[in-house]
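Listed in order, the protein sequences are those of chains A, B, C and D. Sequential numbering of the first sequence, starting at 1, is according to full-length UniProt numbering. Sequential numbering of the second sequence, starting at 1, is according to full-length UniProt numbering. Sequential numbering of the third sequence, starting at 1, is according to full-length UniProt numbering. Sequential numbering of the fourth sequence, starting at 1, is according to full-length UniProt numbering. A quick write-up on the structure given underneath.
Number of protein chains: 4
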Amino acid sequence: MTISVAVSGASGYAGGEVLRLLAGHPDAEIGAITAHSNAGSRLGGLQPHLHALADRILVDTTVENLAGHDVVFLALPHGASAEIAAQLSADTLVIDAGADHRLTDPAAWEKFYGSPHAGSWPYGLPELPGHREKLRGAKRIAVPGCYPTSSLLALTPGFAAGLLEPDDVVIVAASGTSGAGKAAKPHLLGSEVMGGMSPYGVGGGHRHTPEIEQGLSAAAGEQVSISFTPTLAPMARGILTTATAKVRPGVDAAALRAAWETAYADEPFVRVLPEGQWPATKMVVGSNYAALQLAYDPHAGRVIVSAVIDNLTKGTAGGAVQSMNIALGLDEGAGLTLQGVAP
Amino acid sequence: MTISVAVSGASGYAGGEVLRLLAGHPDAEIGAITAHSNAGSRLGGLQPHLHALADRILVDTTVENLAGHDVVFLALPHGASAEIAAQLSADTLVIDAGADHRLTDPAAWEKFYGSPHAGSWPYGLPELPGHREKLRGAKRIAVPGCYPTSSLLALTPGFAAGLLEPDDVVIVAASGTSGAGKAAKPHLLGSEVMGGMSPYGVGGGHRHTPEIEQGLSAAAGEQVSISFTPTLAPMARGILTTATAKVRPGVDAAALRAAWETAYADEPFVRVLPEGQWPATKMVVGSNYAALQLAYDPHAGRVIVSAVIDNLTKGTAGGAVQSMNIALGLDEGAGLTLQGVAP
Amino acid sequence: MTISVAVSGASGYAGGEVLRLLAGHPDAEIGAITAHSNAGSRLGGLQPHLHALADRILVDTTVENLAGHDVVFLALPHGASAEIAAQLSADTLVIDAGADHRLTDPAAWEKFYGSPHAGSWPYGLPELPGHREKLRGAKRIAVPGCYPTSSLLALTPGFAAGLLEPDDVVIVAASGTSGAGKAAKPHLLGSEVMGGMSPYGVGGGHRHTPEIEQGLSAAAGEQVSISFTPTLAPMARGILTTATAKVRPGVDAAALRAAWETAYADEPFVRVLPEGQWPATKMVVGSNYAALQLAYDPHAGRVIVSAVIDNLTKGTAGGAVQSMNIALGLDEGAGLTLQGVAP
Amino acid sequence: MTISVAVSGASGYAGGEVLRLLAGHPDAEIGAITAHSNAGSRLGGLQPHLHALADRILVDTTVENLAGHDVVFLALPHGASAEIAAQLSADTLVIDAGADHRLTDPAAWEKFYGSPHAGSWPYGLPELPGHREKLRGAKRIAVPGCYPTSSLLALTPGFAAGLLEPDDVVIVAASGTSGAGKAAKPHLLGSEVMGGMSPYGVGGGHRHTPEIEQGLSAAAGEQVSISFTPTLAPMARGILTTATAKVRPGVDAAALRAAWETAYADEPFVRVLPEGQWPATKMVVGSNYAALQLAYDPHAGRVIVSAVIDNLTKGTAGGAVQSMNIALGLDEGAGLTLQGVAP
């Protein structure tokens, strides 16, 4: 079975990673590769690591160019995908790596993005309770944000099992710079980021906050509120998420561990590490894996969960391909690597 | 006024940083430079950045070699400094960069370090309430740990002003690798640390936890308990601390901001940045500055404070020199730079 | 066709990379995984990025454990492989990632390694003239060093075509730290290597010098002598080689370009980039590709060639797997990726 | 003696480093701080590491704002400084960190820069033969480029002593990204530069080539031609220069060593390291030192010299301040640190 796939936003980091994965996908045939200002350029000049596709020419991101494929990946600035998706056939699988269709609550969307809500699509994080089923046969998929992917994988088992208090969650995450995209901004220059760390979007304003709360609340069956602080780390790829929550009275370390291990026992791409081994982002560079570890701190009455993903792979393009595979009934792991590239 | 200073542990990172600062101190004359296994070596082979001292020969770390100076810096593995200090004259200013004399509670020491408590010395963080006075004329000074320095600077104003709940503090900190010292361990190899992040000591077991709680509890006038997670970042120097606490009912953003700004209004080395500017570790590399910013997140009911220091300067050697200056009645900033080396 | 493969030295970087590639090889079945001091450990604790193999247990590096496989990879300290290889069946394909069997000249071996010469094996760089044929059906293969791989790919076309002077070659190469191995040495600590560069082995003493000269001389049909300076760069993977040579009288830019393009026109893993595009090591991280560019500097009368490889992939394990594929008659690219992992 | 100093281009890296050094200069009083598009901004928002100057406001780069100071530093795009300098009083010391006045040969200027030559000024590299004398009392100084500084320090002693062939010089240098400035360009993003190396300006076209040849030719007393290849390294600061030349017949290792050691015996900021110790850029970060080492490779008939500087300090702002000190008769090392900030 050969699937024809078009990829938009191909000059950016998310689009490049989608192409990297599709180039190794046994069932995918890469059709149109589109961009905006870079239309007309060789891909090799923009994504020089994609050797097998170096001589492909980017075309304009238009409905005409994207139409006629089995699958269309949209890696566009938010606000741009709804309009394009509306003009693509309902039989085409449209996978949006942007934010437009992630939030179910129009009010939350409008508060954090300041524009009308475009509606919500099935959410491409199959490891959340009940989500894999919703992705089977879906024709529209919203790819989660990278911080929500790691945060939801970190904390969902505890909330789904009723072990955690809903109003005392703190998440601090460190992301590689590719998460900020390829637009040249002074604070993202190598001279600025190498050798240092800094926070950003502190105090509740980060757009991933409502997305994380949406997922945790669904798992908990009650409103969960979080404090989320992202930081920028001197690395190109990877997210390390440190997530903590107060545990409910009577919950002990064994119950916590059992909840997480049970939740992910059959997952191909999420792993609770053996006790005593802590995750490191380099375990998962270029891979679709998420590695977790947790500890119960009785002194603080908290569980601390560390989760690592590659923000471009499991956090964006890998999760997108995994969701595509599920939607189309392919092997869920097709085109995805289990092994990270390390050291 | 010329002060003769001996420096032990001179082949390590803390000792090297003390020497770097003393080489630029207008009143200090560097006497004995001592080491353990590296005694007999040229300093230039071990600390090749200390050009002015390159031809100095390291001698053994013995009481004989350290005695006879006005000031003795001890940068030794914990457990080693108490015995040496006991044999140095009571008139000698002994500044211990190690952990031995930081904790006032013998039970906390024994729980976290597993050895008998050596007693506590005046704590070299002059910005804490009442501490500068205790350092004046002191002959024994315990240099704070690097994580406690940034964590206490981050949260003390809020506790001292009675604005924060004592039992819901979460601190996540990212440190450069120099904080782990110069002993060659596989997980600290460049190949392992470049391009990745990882947590360690998760779940309450880190030895800096009781030290941070000690300082916050003293400021609060009640027992403060924290959840503390350190992470290792791919940079040589710097700590970014993200510290959050629940605010007491009725406390608003203005009250929070006022508490921090008032606390540090007259401090030469601690700065609350203008609103909207967030700290970055590269602001303070090689400098004795601590830069802070805070935000009130009404959604989570929390204050989030970001603090950056250079772990080797304000976090170790700079704090030590600052404390020495206070103890001896010198200009508090002598030998210390305000400017970081950036980019 | 399923090939059983044993991998020795599996706790090091070369062994880990062999395993990473074999885990994705369609025809390989990973048998014994061996180590020396780490025998008995879980692979997941030593190579935590190899998720699919995490629960495999390392066994001792003995002939007994390695025997009985179709292929044996030796990633051992130099001096160790000859003895083991001698005891393995002549029908077993033995691929030595170490130096023991690279040099054909016993005198050169003894001068640079200070031990008796173990003999030479077919040299696993199929892109050199005539080498692919020698690898077909071979049962013993010596994997080239990483610096020789990039240096020989950079300059061989010019020497093979008779365009370059043999006595005025200068090569300066920058390598990532994984090339120095996983043994914990102080100068390889992250604190030391991050943010800086340094040379080593300057002045002709580096053991890769005779290996590079051997290959270039064979291509030139006369003795080529080089000046080779390796430097250590703050990155985990990759080699950037800058290689220059004087061009013979009458040779022009077009002749130079034609020689390189012709030499690699049919190569699956070596690419001369389009004019004006220069290679960067990040193009090839995790990939078996070598990317080249050249320029003629008429002012200096020199050709300058830039070549990039991933030292662990094309420079070691990828070249080894490529050679294995050729020796066994498999698809030359099986298990190897064309795409780098970037950014 | 208090010197009033104005600094233009203060929002860039060169201007920022000048300010950092002047902030610690015992005789300098920082007057106007000027910029182009950032005029009107707080310095603290643009150079957040310059804590002592954080509240200073940048003014426009105009003759009016720069006039009336004893010293004016110009850190402007090339082409901009000649016009401004012409309008400043002949009694004002004008120090140009840009390229405009470095080359003595108008034809070379026009070939590499494509604009009319503005004339040449005394060249601010006091370690070159006869240069310190020319700087004493000078009122116009051209600050050398960063690559020329390290390349000329590396090779001048051999040419001045007549030990080297003039037509076979190869220089390969690795620079930190701050050398490329603060303008946001995609290839300088942290995501692009971290973890990789790349060459640029290959084949004789780099503008520093004629500047290096000018200095070497002056020392040699004959025309020296070089092959120069710069590369971009994943670090913010520092240059590692590998420079090699053929030695004249009859020259041996002792003669080479003696030439270099004699040349720099009395220099305060250049050091030939003890035999066997090789330079590393981290030795000199933030410092005005240049550290060198050399080796004679009899096999290739070449001397190889490694030189390290901080491109922003000795390579730009430090060299500028050192030259200012000489010109004004101040202590040559005032405001300059000998010690690097390491690790």
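Heads up, the beta-carbon is just placed ideally off N, CA and C, and yes, glycines get one too.
Residue span of the beta strand (DSSP E) that contains E29(C), given as start and end | A28 to A35
Can you tell which of Y13(B), G114(B), S4(B) and L336(B) has its C-alpha closest to the C-alpha of G179(B)?
-> Residue Y13(B) is the option with its Cα nearest to G179(B).
Are the Cβ atoms of I141(D) and G158(D) separated by less than 8 Å?
-> no
Residues within the segment 176-189 of chain C neighbouring chain B, beta-carbon criterion of under 7 Å = T177, S178, K182, A184, K185, P186, L188 and L189
Contact under 8 Å by Cβ, T242(B) with S306(B) | yes
C-alpha distance - D167(D) paired with E267(B), whole-angstrom precision = 60 Å
When you check each C-beta in the segment 246-272 of chain D against every C-beta of chain B, which residues fall closer than 7 Å?
-> For the segment 246-272 of chain D, the residues whose beta carbon sits under 7 Å from a beta carbon of chain B are, in order, R271.
Within the same chain, show all residues whose beta-carbon is closer than 7 Å to that of D27(B), passing over the 5 residues directly before and after it, in chain order.
-> M1, T2, I3, L330 and A334
Within the chosen definition, does the segment 191-207 of chain C reach the segment 85-98 of chain C through at least 3 CB pairs nearer than 8 Å?
-> no
Is E213(A) buried or exposed, if buried means 16 or more other CB atoms sit within 10 Å of its CB?
-> buried
Identify each residue in the UniProt domain "Semialdehyde dehydrogenase NAD-binding" (4-136) of chain B for which the Cβ-Cβ distance to at least one residue of chain C is less than 8 Å, and report them in chain order.
-> Within the UniProt domain "Semialdehyde dehydrogenase NAD-binding" (4-136) of chain B, the residues whose Cβ lies closer than 8 Å to some Cβ of chain C are Y13, listed in chain order.
Is the Cβ of I309(A) closer than 8 Å to any Cβ of chain B?
-> no
Positions along the segment 138-161 of chain C whose CB lies within less than 7 Å of some CB in chain D | So nothing in the stretch comes that close.
Under the DSSP definition of a beta bridge, which residues are partnered with Q293(C)?
-> S306(C)
Would you kindly work out how many angstroms separate the C-alpha atoms of T104(B) and A280(B), rounded to a whole number?
-> 32 Å
What does I226(A) touch in chain B if you count any residue whose Cβ is under 9 Å from its own?
-> By Cβ distance, chain B contributes H299 and A300.
Using 8 Å as the threshold, is the segment 180-193 of chain A in touch with the segment 290-303 of chain A, meaning 3 or more CB pairs across them?
-> no
Could you name the residues of chain A that H195(D) contacts, counting a contact when the two beta carbons are closer than 7 Å?
-> Here the sequence assigns Gly to residue 195(D), which means His is not the residue at that position. Under the 7 Å cutoff, chain A gives A236.
How would you call P48(D), buried or exposed, if buried means at least 16 neighbouring beta carbons within 10 angstroms?
-> buried
Any beta-carbon of chain D closer than 8 Å to the one on V321(B)?
-> no
Beta-carbon spacing of G15(C), V7(C) below 8 Å | yes
Which residue from T313(A), G137(A), V169(A) and P234(A) puts its Cα closest to that of R248(A)?
-> V169(A)
Tell me, please, which residues DSSP counts as bridged to K246(B).
-> R302(B)
Taking the alpha-carbon positions, what's the R56(C) to L43(C) distance?
-> Taking the straight line joining both Cα atoms gives about 6 Å.
Please name the residue in A54(C), V143(C), L128(C) and G24(C) whose C-alpha comes closest to that of A75(C).
-> V143(C)
Does any C-beta atom of chain D lie closer than 8 Å to the C-beta of V305(B)?
-> no
V170(C) CB to nearest chain A CB: under 8 Å?
-> no
What is the rounded straight-line gap between the Cα of V251(B) and the Cα of Y264(A)?
-> 41 Å
C-beta neighbour in chain D for L292(B), strict 8 Å = no
Which chain C residues are close to G333(A), counting only those with a beta carbon under 7 Å from its beta carbon?
-> Here the premise fails: no neighbours, minimum Cβ distance about 10 Å.
To which residues of the same chain is P129(A) closer than 7 Å at the C-beta, ignoring the five residues directly before and after it?
-> A160 and A219
Keeping to the same chain, check which residues put their C-beta closer than 8 Å to that of A320(C); ignore five residues upstream and five downstream.
-> V18, F73, I95, A97, G124, I141 and V143
Below 6 Å CB to CB, which residues in the same chain sit around N288(B) once its five sequence neighbours on both sides are set aside?
-> F269, T313, K314, G318 and L336
Counting only the same chain and skipping the five closest in sequence on each side, list residues whose C-beta sits under 8 Å from that of L273(B).
-> P279, A291, L292 and Q293
Whose C-alpha, out of A35(A), S227(A), Y113(A) and P186(A), is nearest the C-alpha of A300(B)?
-> S227(A)
Rounded C-beta distance between L240(D) and T231(C)? I'm assuming under 8 Å.
-> 6 Å
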